[in-house]
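Chains U and V are the protein sequences, given in the same order.
Heads up, the first sequence stops at 138 in the working numbering, and the numbers go up one at a time, no gaps.
Heads up, the second sequence stops at 138 in the working numbering, and the numbers go up one at a time, no gaps.
Number of protein chains: 2
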Amino acid sequence: MKDPVEILKSHNLKHTWQRVRVLEEIALDQFALSQPELEKKLGKEIDRVTLYRILNTYEDKGILHRVMDINGTANYAICSPSCKVHEHHDEHVHFNCSNCLKIYCLEVSIPKLKLPKGFKANAASLTAYGICENCNTN
Amino acid sequence: MKDPVEILKSHNLKHTWQRVRVLEEIALDQFALSQPELEKKLGKEIDRVTLYRILNTYEDKGILHRVMDINGTANYAICSPSCKVHEHHDEHVHFNCSNCLKIYCLEVSIPKLKLPKGFKANAASLTAYGICENCNTN
DNA sequence: GAATTACTGCAATACAATTGCATTTAACTA
DNA sequence: TAGTTAAATGCAATTGTATTGCAGTAATTC
Numbered sequence: 001m002k003d004p005v006e007i008l009k010s011h012n013l014k015h016t017w018q019r020v021r022v023l024e025e026i027a028l029d030q031f032a033l034s035q036p037e038l039e040k041k042l043g044k045e046i047d048r049v050t051l052y053r054i055l056n057t058y059e060d061k062g063i064l065h066r067v068m069d070i071n072g073t074a075n076y077a078i079c080s081p082s083c084k085v086h087e088h089h090d091e092h093v094h095f096n097c098s099n100c101l102k103i104y105c106l107e108v109s110i111p112k113l114k115l116p117k118g119f120k121a122n123a124a125s126l127t128a129y130g131i132c133e134n135c136n137t138n
Numbered sequence: 001m002k003d004p005v006e007i008l009k010s011h012n013l014k015h016t017w018q019r020v021r022v023l024e025e026i027a028l029d030q031f032a033l034s035q036p037e038l039e040k041k042l043g044k045e046i047d048r049v050t051l052y053r054i055l056n057t058y059e060d061k062g063i064l065h066r067v068m069d070i071n072g073t074a075n076y077a078i079c080s081p082s083c084k085v086h087e088h089h090d091e092h093v094h095f096n097c098s099n100c101l102k103i104y105c106l107e108v109s110i111p112k113l114k115l116p117k118g119f120k121a122n123a124a125s126l127t128a129y130g131i132c133e134n135c136n137t138n
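Here it is, written out as structure tokens:
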């Protein structure tokens with residue numbers, strides 16, 4: 001993973017310890033972290049509002065991507081390096097485990113779709129629901 | 001569309017005018033209706049809480065399916081007839097217009113996915129984002 | 001190291017969803 | 001069809017989630 005400081009610099013964002021903490025926390029995990037989880041982990045150190053704002057700016061800048069789980073709560077994961085500021089297409093499949101509720105970013109890309117005449121898509125999200133490798137073996 | 005009364009009967013649900021109204025309202029529209037829209041349309045007749053509860057039971061029973069839009073607000077549409085209790089097979093693609101915010105249920109089915117070893121999917125949701133046919137021509 | 005700009009934290013507010021409980025309504029039965 | 005039972009509704013209160021304004025603070029620039 002790239003250095004948090006580098007990431008901030010390359011996006012013209014001020015370097016604050018709060019922002020670094022958020023990046024660290026999210027980068028640590030191989031799966032997407034949900035808003036509540038993040039809040040539980042960082043709530044003592046960082047204000048709720050600040051966390052919201054940091055996550056929003058990160059999403060805007062294309063540093064994080066947001067995945068909605070089945071309940072409509074936001075989950076965040078680091079964008080792939082290929083993700084640039086303007087073209088924000090981390091078009092890979094996500095997997096939401098019904099047991100542990102974790103969200104995985106899979107190395108599977110979303111298939112091209114043939115949409116009806118008149119519909120113009122510029123992004124897509126695909127989430128599969130089921131049992132993950134971890135919960136499967138236990 | 002099937003008769004609301006029939007639908008209720010076949011799912012062992014009591015026949016109340018509130019439940020019929022909700023079904024009518026959702027069936028009328030070709031697209032998925034959002035919670036706020038439903039509330040605006042039915043708020044004068046039906047209590048908020050009742051609406052929430054009706055939508056939940058409908059989802060449980062497989063009468064409606066719920067689609068989350070980009071903002072995490074719930075949208076509801078009638079399930080296909082093949083949809084059984086607790087196993088939702090409405091595996092079609094949804095389209096979320098960035099302009100009018102409507103959600104369309106497209107007649108396009110979700111492609112089969114090749115998942116990594118260990119992952120077992122039993123459902124999937126695919127939403128494309130862009131401009132719909134209506135907003136495109138205007 | 002002083003000035004400028006933008007980020008943070010707090011308080012207040014707005015909005016969304018849930019729960020408990022009393023009342024009403026639908027389905028069942030005699 | 002009246003009486004009984006179980007379930008659904010509506011209201012009030014509560015909880016939870018997200019947003020906004022603003023004063024104070026911290027980070028970059030020169």
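Beta carbons: idealized from backbone N, C-alpha and C, even for Gly.
Taking one beta carbon from each stretch, the segment 64-81 of chain V and the segment 129-138 of chain U have fewer than 3 pairs nearer than 8 Å; the two do not touch. In the displayed model, Ile110 (chain U) falls within coil according to three-state DSSP, outside both helix and strand. Note on the segment 25-102 of chain U: whole beta strand (DSSP E) runs with a minimum of 3 residues are 31-34, 64-68, 74-78, 92-97, in chain order. DSSP places Thr127 (chain U) outside any alpha helix (DSSP H); the residue lies instead in the beta strand (DSSP E), whose first and last residues are 120-131. The beta carbon of Cys132 (chain U) falls within 8 Å of a beta carbon belonging to chain V, placing the residue at that interface.
Taking C-beta separations shorter than 6 Å and ignoring five residues to either side along the sequence, the partners of Lys102 (chain U) in its chain run Phe31, following chain order.
Per the coordinates, the alpha-carbon of His65 (chain V) lies some 43 Å from the alpha-carbon of Trp17 (chain U).
Listed as beta-bridge partners of Cys105 (chain U) by DSSP are U:His94. Annotation: Ile26 (chain V) to Ile78 (chain V) spans about 7 Å, alpha carbon to alpha carbon. Within 9 Å of the CB of Phe31 (chain V), no CB atom of chain U is found; the nearest one sits about 12 Å away. The beta carbon of Leu113 (chain U) is closer than 8 Å to those of Ala121, Ala124 in its chain, skipping five residues each way along the sequence.
Within chain U, the residues placing a beta-carbon under 9 Å from that of Tyr129 (chain V) are Ala121, Asn122, Ala123, Ala124, Ser125, ordered along the chain. Here Val22 (chain U) has Leu38, Leu42, Ile46, Leu51, Ile54, Leu55, Tyr58 as same chain residues with Cβ atoms under 8 Å from its own Cβ, once five neighbours each way along the sequence are excluded. In the three-state reduction of the DSSP assignment, Thr137 (chain U) falls in the helix class, which pools H, G and I. Neighbours of Ala74 (chain V) in chain U, taken as residues whose beta carbon is under 8 Å from its own, are Gly72 in chain order. His92 (chain V) places its beta carbon less than 8 Å from that of Ile110 (chain V).
Relative to Ala128 (chain U), the option among U:Leu106, U:Asn138, U:Pro116 whose CA is nearest is U:Leu106. Of all alpha-carbon atoms in V:Asn138, V:Val5, V:Asn75, the one lying nearest the alpha-carbon of Asp29 (chain V) is that of V:Asn75. When secondary structure is reduced to three states using DSSP, Lys117 (chain U) falls in the coil class, being assigned neither helix nor strand. Selection V:Gly130, V:Phe119, V:Gly118 evaluated against Gly118 (chain U) yields V:Gly130 as nearest (Cα-Cα). Here the alpha carbons of His15 (chain V) and Leu8 (chain U) stand approximately 58 Å from one another.
When 9 Å is used as the limit between beta carbons, Leu38 (chain V) is near no residue of chain U, the shortest such separation being about 15 Å. Its chain contains no residue whose beta carbon lies nearer than 7 Å to that of Lys2 (chain V) once the 5 sequence neighbours on both sides are disregarded. Identification of chain V residues near Asn136 (chain U) by a Cβ-Cβ cut-off of 7 Å yields Gly118, Lys120, ordered along the chain.
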